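Down below is the structure, laid out as structure tokens.
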Amino acid sequence: MSEAPPITLERLTLADDETLGFLLASYRELFGSRVEATAVPQDLQRFADHYGADRGCLLLARGAAGEPIGSIAYRPYDRRFPQLTYPGERVVEVVRLFVVPRQRRQGLARRLFAALLAQARRDAVERLYLHTHPFLPGAEAFWLDQGFQVVVREMALPWQTLHLDRRLDSPQASAGPRQSR
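Structure representation (structure tokens):
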């Protein structure tokens, strides 16, 4: 029986053209016509401001040939949603979870999140916040399995945003991923 090719995870504080291209392509694949075709998200325009040392964390998974195959990140939560301000807490927003289709259903997303969670703990983060959407297959179930809770469901089209969070000092946080029912 042959072993699976090695996959490495690396933390990036600066991004080269290949990495930026991968992150931009994954953004466009996930959101399709919901985003302007030529739009470049602000965090990718100013990568070091969002993911540089002591700011946030971006992890990139690379396949055996060194090619990007997955990503996940967090950046300081900017409290832009008035119903989710988290006063007095160190909160980061989890973003950019993406795994290339040929690598899905093999545990890479869980591995990426576990590494990100470990870094968040080292950075003394108190709460993880994220939002996702029902049009992203499996996203809500995945995040619930990682110990997140839905705190707000917005039903307005086209986004139908689900806001989720997870405290890092809660019993669930120390227990690891929730077991599927």
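At the far end of the sequence shown sits residue 185, using the working numbering, and the numbering has no gaps. Here a beta-carbon is modelled for each residue, glycine too, at the ideal position from N, C-alpha and C. Being a predicted model, the structure only gives us computed values, none of them experimental.
Hey, residue i and residue j: beta-carbon distance below 8 Å or not?
i      : j      : result
Ile76  : Leu101 : yes
Glu14  : Leu63  : yes
Pro72  : Glu22  : yes
Val156 : Gln87  : yes
Leu166 : Glu144 : yes
Tyr133 : Tyr55  : no
Gln107 : Gly74  : yes
Leu120 : Cys61  : yes
So what's residue i in DSSP terms, helix, strand or just coil?
i      : result
Ile11  : coil
His54  : helix
Glu144 : helix
Ala124 : helix
Pro181 : Unreliable placement is indicated for Pro181, whose pLDDT of 34 sits below 50; no coordinate value is reported for it.
Pro105 : helix
Asp149 : helix
Thr17  : coil
Ala68  : coil
Thr23  : helix
Leu134 : strand
Tyr31  : helix
Ala118 : helix
Arg169 : Inspection of the sequence shows that residue 169 is occupied by Asp rather than by Arg. Here Asp169 sits in strand by DSSP.
Ala113 : helix
Quick one: using the 10 Å Cβ neighbour count with 16 as the cut-off for buried, is residue i buried or exposed?
i      : result
Asp20  : exposed
Gly70  : exposed
Gln110 : exposed
Gln150 : buried
Val44  : exposed
If you draw a straight line from the C-alpha of residue i to the C-alpha of residue j, how long is it?
i      : j      : result
Asp173 : Leu140 : 28 Å
Phe26  : Leu18  : 14 Å
Arg171 : Pro105 : 30 Å
Gln123 : Phe51  : 18 Å
Asp53  : Pro10  : 31 Å
Leu148 : Arg114 : 12 Å
Met159 : Pro138 : 10 Å
Ser57  : Gln164 : Note on identity: in this sequence residue 57 is Ala, with Ser being the wrong assignment. Near 33 Å, if we compare the C-alpha coordinates of Gln164 and Ala57.
Arg32  : Tyr90  : 30 Å
Leu3   : Ala29  : A question about residue 3 goes unanswered here, because the residues of the chain that appear run from 5 up to 185.
Taking residue i and residue j to be in contact with their CB atoms under 8 Å, please state how far apart those CB atoms are, rounded to whole angstroms.
i      : j      : result
Arg131 : Val95  : 5 Å
Leu161 : His135 : Incorrect: roughly 15 Å between the Cβ atoms, too far for contact.
Ala99  : Arg84  : Looking at the sequence provided, one finds Val at residue 99 rather than Ala. Incorrect: roughly 13 Å between the Cβ atoms, too far for contact.
Ala65  : Leu112 : 6 Å
At a Cβ threshold of 8 Å, is residue i touching chain D?
i     : result
Ala65 : Looking at the structure shown, chain D is missing, and only one protein chain is on hand.
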